[in-house]
Amino acid sequence: MERNAALAIMDKLRIATIDHMTHIDNLDSIFEHGLLAHNNPYKKIDISNQEVNQRRNRKEPIYNKNTHDYVPLYFNPRNAMLYRNQKQFGDAIVILAFKKDTILLENTLFTNGNAASDGTKCSNDIGELEHKDWNWPMIWSSSWNDSTNADEVKWSMMAEVLVYQKLEMSQLQEIYCSSQRVESYIKNRYNLQDIKVAVNTDVFF
Numbered sequence: 001m002e003r004n005a006a007l008a009i010m011d012k013l014r015i016a017t018i019d020h021m022t023h024i025d026n027l028d029s030i031f032e033h034g035l036l037a038h039n040n041p042y043k044k045i046d047i048s049n050q051e052v053n054q055r056r057n058r059k060e061p062i063y064n065k066n067t068h069d070y071v072p073l074y075f076n077p078r079n080a081m082l083y084r085n086q087k088q089f090g091d092a093i094v095i096l097a098f099k100k101d102t103i104l105l106e107n108t109l110f111t112n113g114n115a116a117s118d119g120t121k122c123s124n125d126i127g128e129l130e131h132k133d134w135n136w137p138m139i140w141s142s143s144w145n146d147s148t149n150a151d152e153v154k155w156s157m158m159a160e161v162l163v164y165q166k167l168e169m170s171q172l173q174e175i176y177c178s179s180q181r182v183e184s185y186i187k188n189r190y191n192l193q194d195i196k197v198a199v200n201t202d203v204f205f
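Going by full-length UniProt numbering, the first residue of the sequence shown is number 1, and it counts up by one from there.
Structure representation (structure tokens):
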């Protein structure tokens, strides 16, 4: 698909950034080496769910590569994984918001729900994002507790973008923090001239 047409679809679906959550102690290696797939030697604190990771250790249907060979990002970062990690790590969790054209990188995939779940659809065709299998009202939900189909909403909110092997920091647009303390820490520690760092309480629980 032509780039402008793909970007128009993302605008229509209100996709402004593609987001990845991490612990602030991982930022040193991320800024030095880029954002790498799950099995990398530089990660200091692994915030992933180990039980879920066992289910992700399988090949995806498009390029036949292991899901662990991809960097996982979300359309909606305010999901069950963020809730779990905020409870465990508090304001040490930050969200790296990448430019929306990240989804156009070579060998990038996207899913309509948690990639670890059976039955989740996977695609590399931007046009598929407008298909009924991608339930955007559910994906953009701010909570799954107020729904009669809570499990489906929770699963949809975990819809992913999977970038093969590595995501360069040139794609990073903004860092969302949940506290002024962490915002100040990042600004003082790193020279991020072209990357906005700000508290965004709407994104966090």
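Backbone N, C-alpha and C define an ideal beta-carbon position, used for all residues, glycine too.
One or two residues paired with residue i in a DSSP bridge
i, result
"A97", "D19 and E174"
"V71", "V163"
"K12", "Beta-bridge pairing links K12 to no other residue."
"A150", "Looking at the DSSP assignment, A150 forms no beta bridge with any residue, so it has no partner."
"L27", "Partner(s): none; L27 has no beta bridge."
"K187", "Partner(s): none; K187 has no beta bridge."
"K59", "N66"
"A37", "DSSP output for A37 lists no bridge partner at all."
"A198", "Y176"
Residue i versus residue j: straight-line alpha-carbon distance, rounded
i, j, result
"L129", "T108", "14 angstroms"
"A8", "D125", "14 angstroms"
"F98", "P77", "12 angstroms"
"residue 206", "L162", "Limits of the chain in this structure are 1 at one end and 205 at the other, which puts residue 206 out of reach."
"V199", "D19", "15 angstroms"
"T17", "N114", "18 angstroms"
"Y190", "S29", "12 angstroms"
"G34", "A5", "28 angstroms"
"N135", "N79", "15 angstroms"
"S123", "Y164", "13 angstroms"
"I93", "Y176", "9 angstroms"
"D101", "E168", "13 angstroms"
"K154", "M1", "30 angstroms"
"T201", "S178", "6 angstroms"
"L96", "W144", "23 angstroms"
Among the options, the one whose alpha carbon lies nearest that of residue i
i, options, result
"I103", "C177, K59, A159 and K132", "A159"
"L13", "K132, V182 and Q165", "K132"
"G90", "I195, N188, V182 and Q193", "V182"
"Q88", "E168, T22 and W155", "T22"
"E152", "N64, T120, Q171 and K59", "T120"
"K166", "Y63, E2, Y70 and N64", "Y70"
"E60", "S170, S117, L96 and L105", "S117"
Assumed close pair residue i, residue j - CB separation to whole angstroms, cut-off 8 angstroms
i, j, result
"I186", "V197", "5 angstroms"
"F205", "Y42", "Contact flag wrong, Cβ pair sits at about 28 angstroms."
"N39", "H68", "5 angstroms"
> Going along the chain, which unbroken runs of the alpha helix (DSSP H) with 4 or more residues stay wholly within the segment 81-146?
Replying inline: Here the runs fully enclosed are 136-139.
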